[in-house]
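A.B. asks: Going by this note's numbering, the first residue of the sequence shown is number 617, and it counts up by one from there. A single structure is presented below for examination.
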Amino acid sequence: MITIKKLVFLLLLLPNTLLFSISSHATSASEWDEETFADWIVEPASESLCQGHYAPFALDSSNAADDSWELPIVLSANETEFTLSGQSVLRGNVTFKQGQRYLHTDEITILRSPTTQDWDKIIASGNIHYIAPGMSIWGKQAEYYHSTEQFHFDWTHYRWYSRHARGHAKSIDVDENKNLHLYDANYTTCAPKQDTWVLRAKKISLYPKQGRAKANHIHLDMHGVPVFYFPYIDYPIDKERHSGFLFPTYGSTSNSGVEFSIPYYWNIAPNYDLTLAPKWLTERGLEIQSKGRYLLTNSEGYIQWHFLPNDRKYGLFQQQNLLSPPEGTIGFLDPRIIALEGNNNRHAVIYRHATQWERRWLFNVNFDYVSDDNYFVDLGNDITTASTIHLPQQANLAYYGEYWSHLFNIEEYQVLQPLSKPINEEIYKRQPQWVFQATYPNQWLNLTLGLNGEAVNFNHRTELITQLPVTTGQRFHLRPSVSLPWQEPWYYITPRVQMDWLQYSLRLGTDALAQNLPENPSRTIPLYDIDSGLFFERDIQFKQFSGIQTFEPRIYYLYVPFRDQHFYPDFDSGVMNFSYAQLFRDNRFSGRDRIGDANQISVSLMSRFLPRQGGQEILRASVGQIFYFRDRRVSLCEELGQENGCFLFEDASGTSRHSKLLAQAELHATPTWTGGVFLEWDGIQHETEQAAFSLQYRPSNLQIFNFNYYWLRHDLAQTNFDTAQTGSLNQADASVLWPLSLHWELLSLWRYDFEKKQTVEVMGGVEYNGCCLAVQFIGSRYRQSNNFFYPQAYATGFFAQIVFKGLSAVGLNNPDGRLKQKIPGYVPLVQRQQWITSPDRTYFPPEEISLY
């Protein structure tokens, strides 16, 4: 009995290791005419991707929770011949039952050793059928050698129900070390008699203890036609990480030509790994991409390094534009032309690190670097990457205590000057910076005491065009505050007093010296504000809706006396596009170099609709405006001249009695319909300054429609502050993922610029979703630049993805990551197929190596 149990144990062992194996590599199902597929239930083609489904054989559910090999065994046969020597035979409808394991065969022969009379060999023959939870195995003959515990199984086929999979092996051997060797093996998740794809292997050797497998002569057939071959593969068969090659990727872009990459994954240690991906670009050369990750007790991080030596296409680009700068540049002193100097070896580095100690201390590093200013324009495969201008390079140490928080920071930016874009101003470096904040609530008389402060040293390169020095130096800032909050469920009011103190120690630049500006200016400015609000609600009933409507007025008063600040440097202050949050800010400027004078009151009205039983807020609508009691005098623009574009955003004259009117709303009408709107209305000029509208319809993960519209009369990103030239942002985009039939889905994205009357970006393609195969083809075209050098320079690309359900995915410039960023609500193709084929299984798609 113990020997028979070992035989059945090996039968159970086969599917678990075999499935790990040939789920990555695996002869044609059509070769086995005797396979009747009694476990297949046919369904109408109009209702099922596979035109049917597997129905596992019924098992005894009384021991479903107990998988022990110590359960009672029930044997039965029509005939039994039992001897103490020679051979014993169980013949005719031989069955073995133990818990939820079941074995049926025509005959079992037990052979004894002629010398010891111990059981030596067991032969199961005839129509062998083994059933266990989630699997079935059929075969013609099985042999088990007791002394060496070796096993041999001939002419097998199997089901793996959880993966909708089936397969065959001409023979299977298990050696004395419990290693498995499969000969002429295959694997597919396609429906019976529909071999869209079949994975084959001449021989597969599985080593469960090592978690590895070796396969010879692997090839993938699609509709009987070989499409992929590899002579030898060493790969993992367990859930642990192992070194080895990943699926190759290939594709085509207008910038680099045909691209082909074969990534290699190196599992250095349990907490270290490295992915290397040589990538051939036909128009540029061989690029080496790499990404290394690490995980320590309190730290984690990764570093990416891309290296493209001797970029042929970029070398020609350099030579052409250095010899003859294009019209519109300012000659050889133009930083965009200077940026073309140097060799054509190109590389990029991304480094991220995070460390945490005792939940209060955090250390972070965020470092990005590229070798040349045109790197992303040439090697980015979408409009977002190609438009990257500022690369952060910073390290900071933060402390978060009960009352105090501190941030110690070193920060600078690599500012790129690509030839296809306007000149970009350099950003001041913070080398170093200390920012701190303290809050002590519920003090004497219920007061809240606060203190904000900063000490920072600003450095800067010389001026881009003239190469003259600019003003740099140290800035010290303190802002103590006292507030007295009163709050009840139906109202709140919080008066506050702040004192803003600022001190500089400057190294004056050429312009500042010419104007005889002070080296150590300082200021002290008090700020007084009162924030208050009321909460009202009422029950409402509208048709089938029963809920609550709220009415929440808010009033914010701010008083800041005028202080002349035109002689202060401008390290980090700026004007901002007007937004709803600015109604309640105590400074209309960003940064700390300017404090706007104010005597104003902001009024906001908000109403919300909520279901009575709780849950998703249905509607939120707000409207607000600032009313001024005096003119505003502090300006960032005044020393730049009235023709400067700064005034388009600051309204430095400050004579209007009220701000522009702001309104916004968010709607969640149903679980499938959501939308939002934002509006900035100029009541004096009777025109719209800003507008945005968004709408999404998403009844399922396969049915998504998005529409977005953006309008901005004066776009900060398109403004030349020296010439006061500005452009409007007037764009709309629509995206859709929608089923055309049971098997086909349409996918599209279109973004259009009404101001320039041209398409900004367009993507379109189709998805085919079959029983065992999903395919996605996407074409892309996007505007590379938006300035007068190349007003209509476009880049194109081709993206595709093939998902072998239950196996893996092969990507051609894998589009899933890009589509997820561009289409709100988009779920990657691989994950959607995993939900279809295995809803109880969590899937983690492989991580791509990509910049941004």
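For glycine and all other residues, C-beta sits at the position ideal for the given N, C-alpha and C.
(1) Between which residues of its own chain and residue 923 is the CB-CB distance below 6 Å, once the five residues before and five after are set aside?
(2) Could you please give the first and the last residue of the uninterrupted beta strand (DSSP E) stretch that includes residue 1320?
(3) Please classify residue 783: is it buried, with 16 or more other beta-carbons within 10 angstroms of its beta-carbon, or exposed?
(4) Would you be able to state if there are at least three C-beta pairs under 8 Å between the stretch 1027-1042 and the stretch 989-1008?
(5) Please name the residue in 666, 792, 1242 and 743 whose C-alpha comes closest to that of residue 809.
(6) I'd like the list of long-range same chain contacts for residue 1445, defined as Cβ closer than 7 Å, with 5 residues on each side in sequence excluded.
(7) For residue 1022, which option in 1058, 1003 and 977 has the closest C-alpha, if you only look at C-alpha atoms?
(8) Checking 9 Å against the spacing of the C-beta atoms, do residue 1108 and residue 1148 come in under that value?
(9) Which residues bound the alpha helix (DSSP H) around residue 993?
(10) Quick one, which of 1200, 773, 792 and 1192 has its alpha-carbon nearest residue 1207's?
(11) Between residue 1070 and residue 1047, how many whole angstroms is the CB-CB distance? I'm expecting something under 8 Å.
(12) Excluding the 5 residues preceding and the 5 following residue 1095 in the sequence, name in chain order all residues of the same chain whose CB lies nearer than 6 Å to its CB.
(13) What did DSSP end up calling residue 964 once you bin it into helix, strand or coil?
(14) Expressed to the nearest angstrom, what Euclidean distance is found between the alpha-carbon atoms of residue 1062 and residue 1172?
(15) Which residue comes first and which comes last in the beta strand (DSSP E) that contains residue 1017?
(16) Going by beta carbon distance, what residues of the same chain come within less than 6 Å of residue 1165, once the five residues before and after it are set aside?
(17) Tell me which residue opens and which closes the alpha helix (DSSP H) that residue 930 is part of.
(18) For residue 1159, is the classification buried or exposed, using 16 other Cβ atoms within 10 angstroms of its Cβ as the cut-off for buried?
(19) Indicate the three-state DSSP secondary structure (helix, strand or coil) for residue 702 in the structure shown.
(20) Leaving out five residues before and five after residue 1013 in sequence, what residues of the same chain have Cβ atoms less than 6 Å from its Cβ?
(21) For residue 1027, tell me which candidate among 790, 910 and 1008 has the shortest Cα-Cα distance.
(22) So, at 7 Å on beta carbons, what are the nonlocal neighbours of residue 648 in its own chain, with the 5 sequence-adjacent residues on each side left out?
(23) With distances taken from CA atoms, which of 921, 1052, 936 and 1274 is nearest residue 1296?
(24) Taking residue 878 as the reference, which of 966, 909, 862 and 1313 has the closest Cα?
(25) Please name the residue in 749, 724, 729 and 752 whose C-alpha comes closest to that of residue 741.
(26) Give me the Cβ distance between residue 1141 and residue 1201, rounded to the nearest whole Å; I'm assuming they're in contact under 8 Å.
(27) Alpha carbon to alpha carbon, how far is residue 1084 from residue 1127? Give it in angstroms, no decimals.
(28) I need the straight-line Cα distance from residue 840 to residue 816, nearest angstrom please.
(29) Output the boundary residues of the alpha helix (DSSP H) element that contains residue 951.
(30) Give a yes or no on whether the C-beta atoms belonging to residue 1380 and residue 997 are separated by under 9 Å.
(31) For residue 974, count neighbouring C-beta atoms within 10 Å of its own C-beta (all shown protein chains included) and say buried if the count is 16 or more, exposed if not.
(32) Per the contact definition of three or more C-beta pairs closer than 8 Å, is the stretch 1322-1330 in contact with the stretch 1343-1353?
(33) According to DSSP, is residue 1062 part of a helix, a strand, or is it coil?
(34) Roughly how many angstroms separate the alpha carbons of residue 1400 and residue 1375, rounded to a whole number?
(35) Are the CB atoms of residue 792 and residue 766 within a distance shorter than 9 Å?
(36) Specify, as a first and last residue, the run of the beta strand (DSSP E) that residue 1127 falls within.
C.D. replies: Answer, in terms of the structure:
(1) Along the sequence shown, one-based indexing puts residue 923 at 307. Hits under 6 Å: 904 and 963.
(2) Within the sequence shown, numbered from 1, the residue matching residue 1320 stands at position 704. Unbroken beta strand (DSSP E) run through residue 1320: 1319-1328.
(3) Numbered from its first residue, the sequence shown carries residue 783 at position 167. By the neighbour-count rule (16 or more Cβ atoms within 10 Å), residue 783 is buried.
(4) yes
(5) Mapped onto the sequence shown, residue 809 falls at position 193. Looking at the Cα atoms, 666 is the closest of the given residues.
(6) Counting from one through the sequence shown, the residue named residue 1445 turns up at place 829. So the qualifying residues of the chain are 1383, 1390, 1392, 1417, 1419 and 1432.
(7) Against the sequence shown, residue 1022 aligns to sequence position 406. For residue 1022, the closest C-alpha among the options 1058, 1003 and 977 is that of 977.
(8) Your numbering for residue 1108 matches position 492 in the sequence shown. Your numbering for residue 1148 matches position 532 in the sequence shown. The Cβ-Cβ distance between residue 1108 and residue 1148 falls below 9 Å.
(9) On the sequence shown, position 377 is the one that residue 993 refers to. Unbroken alpha helix (DSSP H) run through residue 993: 991-995.
(10) Along the sequence shown, one-based indexing puts residue 1207 at 591. Ranking the options by Cα distance to residue 1207, first place goes to 1192.
(11) The count along the sequence shown starts at 1 and reaches residue 1070 at position 454. The count along the sequence shown starts at 1 and reaches residue 1047 at position 431. Residue 1070 to residue 1047, Cβ: 14 Å. No contact.
(12) As a first step, residue 1095 is located in the sequence shown; it is residue number 479 there, counting from the start. Taken in chain order, the residues that qualify are 1068, 1114 and 1116.
(13) Looking up residue 964 in the sequence shown gives position 348. Of the three classes helix, strand and coil, the one that applies to residue 964 here is strand, per DSSP.
(14) The sequence position of residue 1062 within the sequence shown is 446, counting from 1. The sequence position of residue 1172 within the sequence shown is 556, counting from 1. Each residue's alpha carbon lies about 21 Å from the other.
(15) On the sequence shown, residue 1017 is found 401 positions in, with the first residue counted as 1. No beta strand (DSSP E) holds residue 1017; DSSP gives it neither H nor E.
(16) As a first step, residue 1165 must be located in the sequence shown, where it is residue number 549. Answer for residue 1165: 1154, 1156 and 1225, listed in chain order.
(17) Taking the first residue of the sequence shown as 1, we reach residue 930 at position 314. Taken as a continuous stretch (DSSP letters only), the alpha helix (DSSP H) holding residue 930 covers 928-939.
(18) For the purposes of this step, residue 1159 is taken as residue 543 along the sequence shown, with counting starting at 1. Burial call: exposed.
(19) Working through the sequence shown from its first residue, we reach residue 702 at position 86. DSSP places residue 702 in coil when its eight states are reduced to three.
(20) In the sequence shown, the residue the question calls residue 1013 occupies position 397. So the list reads 979 and 1024, once near-sequence residues are dropped.
(21) Taking the sequence shown and counting its residues from 1, the one referred to as residue 1027 is at position 411. When each option's Cα is compared against that of residue 1027, the closest is 1008.
(22) Locating residue 648 in the sequence shown gives position 32, counting from the first residue. Bear in mind that a pLDDT of 38 at residue 648, under 50, signals an unreliable position, so the number given afterwards is only what the model happens to contain. So the list reads 773 and 784, once near-sequence residues are dropped.
(23) In the sequence shown, residue 1296 corresponds to position 680, counting from 1. Of the candidates 921, 1052, 936 and 1274, the one whose C-alpha sits nearest the C-alpha of residue 1296 is 1274.
(24) Along the sequence shown, one-based indexing puts residue 878 at 262. Answer by Cα proximity: 862.
(25) Here the question's residue 741 lines up with position 125 in the sequence shown. Out of 749, 724, 729 and 752, 724 has the C-alpha closest to the C-alpha of residue 741.
(26) Reading the sequence shown from its first residue, position 525 is the one you call residue 1141. Reading the sequence shown from its first residue, position 585 is the one you call residue 1201. Not confirmed; about 15 Å, so no contact.
(27) Locating residue 1127 in the sequence shown gives position 511, where the first residue counts as 1. Locating residue 1084 in the sequence shown gives position 468, where the first residue counts as 1. If I take the Cα positions, the gap works out to 9 Å.
(28) Here residue 840 is taken as the residue at index 224 of the sequence shown, counted from 1. Here residue 816 is taken as the residue at index 200 of the sequence shown, counted from 1. Roughly 11 Å separates the two Cα atoms.
(29) Taking the sequence shown and counting its residues from 1, one reaches residue 951 at position 335. It spans 951-954 - the alpha helix (DSSP H) in which residue 951 sits, taken as one unbroken run.
(30) As a first step, residue 1380 is located in the sequence shown; it is residue number 764 there, counting from the start. As a first step, residue 997 is located in the sequence shown; it is residue number 381 there, counting from the start. In this structure, the beta-carbon distance from residue 1380 to residue 997 does not fall below 9 Å.
(31) Counting from one through the sequence shown, the residue named residue 974 turns up at place 358. The residue is exposed, with fewer than 16 neighbouring Cβ atoms inside 10 Å.
(32) yes
(33) Here the question's residue 1062 lines up with position 446 in the sequence shown. If DSSP states are grouped into helix, strand and coil, residue 1062 belongs with the helices.
(34) As a working note, residue 1400 is residue 784 in the sequence shown. As a working note, residue 1375 is residue 759 in the sequence shown. About 11 Å.
(35) For the purposes of this step, residue 766 is taken as the residue at position 150 of the sequence shown. For the purposes of this step, residue 792 is taken as the residue at position 176 of the sequence shown. Yes, the pair counts as a contact, with Cβ atoms nearer than the cut-off.
(36) Translated into positions along the sequence shown, residue 1127 becomes position 511. From DSSP, residue 1127 is part of no beta strand (DSSP E) but of the alpha helix (DSSP H) over 1126-1130.
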